Amino acid sequence: MVGFQGVDYSIFQILNSLAGRSSELDFLLATMASDFLIPVGLGLILFHKWFSGRTDNQMKYNQKLVLISLVNMAIAALLVFILNLWFFRERPFAVHDVNLIFYQPTDSSMPSNFATGTFALVLPMLRVNLQQAALMILMVLTGSLSRVCVGIHYPSDILVGFMLAIFAIPITLILVRYTNALQERIFHITRRLIPT
């Protein structure tokens with residue numbers, strides 16, 4: 015494990031060395047690492063997906079994918095919560111001398127909540143438009159790696175977050191399979207509240 019931790023810390027040092035070089039780069043890294051830009055961007059893409067579709071069936075399919083994405087994110091967040099009941103990892107800035115250009119989160123560094131949540135949100139969308147999915151994956155990777163650069167995560171925190179998001183998929187699919195009546199009720203209510 016010491017060997018892996020050494021590699022993890024070495025990669026962290028390389029990425030974190032980008033911070034503090036210029037105010038412009040620091041601003042860009044901090045903006046990409048923020049809790050708002052990437053999640054809001056992904057939310058807007060999902061919002062667009064909810065209302066897109068050339069036919070009624072295509073729109074319903076897209077809406078189901080958006081719902082699956084939201085459920086997958088919720089299940090992944092639950093997995094993070096359960097894992098953090100038994101495991102806590104200090105943030106890099108609490109253990110090492112780092113170039114910290116971001117606020118200091120107090121929760122466990124591993125897994126990255128950001129990486130877990132955003133990747134879990136994106137995974138179900140891989141079934142549709144490949145260009146749109148590639149853009150979303152790029153957004154997640156940019157935001158996640160930026161969080162290493164600004165000094166608040168180790169690379170392994172991001173990797174474990176991605177793994178939890180992937181692990182959530184089969185749980186989500188089982189849950190979705192057995193909740194069709196509830197899903198139809200949700201779609202019925204949302205279509206009445208927000209005509210498409």
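Here the sequence shown stands for residues 15 to 210, numbered as in my numbering. Note that beta-carbon positions come from the ideal geometry of N, C-alpha and C, so glycine has one too. All values derive from a computational prediction rather than experimental measurement.
- Pairwise C-beta distances place the stretch 147-163 out of contact with the stretch 82-98, as fewer than three of them are shorter than 8 Å.
- Phe-50 sits in coil when the DSSP states are folded into three classes, being neither helix nor strand.
- Taking a C-beta distance under 8 Å as the contact criterion, Leu-81 and Ile-200 qualify as a contact pair.
- The straight-line gap separating the alpha-carbon atoms of Phe-102 and Ser-122 is approximately 5 Å.
- The stretch 175-184 makes contact with the stretch 126-133; the number of CB pairs closer than 8 Å reaches 3 or more.
- Phe-133: member of the alpha helix (DSSP H) spanning 127-136, first to last residue.
- Look at the beta carbons and you see the stretch 104-116 touching the stretch 160-170: at least three pairs across the two are nearer than 8 Å.
- In this structure Met-73 is not in contact with Ser-83, their Cβ atoms being roughly 16 Å apart against a cut-off of 8 Å.
- The beta-carbon separation of Asn-86 and Leu-140, rounded to 11 Å, does not stay under the 8 Å limit for a contact.
- With a cutoff of 8 Å on beta-carbon distance, Pro-119 and Gly-175 are scored as not near each other.
- Nearest C-alpha to Ile-208 among Phe-61, Gln-19 and Leu-43: Phe-61.
- If the five residues before and after Leu-114 are omitted, its C-beta is found closer than 6 Å to the C-beta atoms of Phe-107 and Gly-165, all from its own chain and listed in chain order.
- A distance below 8 Å separates the beta carbons of Lys-63 and Asn-76.
- In the structure shown, Ser-66 falls within a coil segment according to DSSP collapsed to helix, strand and coil.
- A direct Cα-to-Cα measurement between His-110 and Gln-19 gives close to 13 Å.
- Residue state for Val-112 is assigned as coil, using DSSP reduced to three classes.
- Taken atom to atom, the span from the alpha-carbon of Leu-149 to that of Cys-163 is near 21 Å.
- Counting along the chain, the unbroken alpha helix (DSSP H) around Ala-179 starts and ends at 169-191.
- By the criterion of a C-beta distance shorter than 8 Å, Leu-79 is surrounded in its chain by Lys-63, Pro-138, Met-139, Arg-141 and Val-142, once the five residues flanking it on both sides are discounted.
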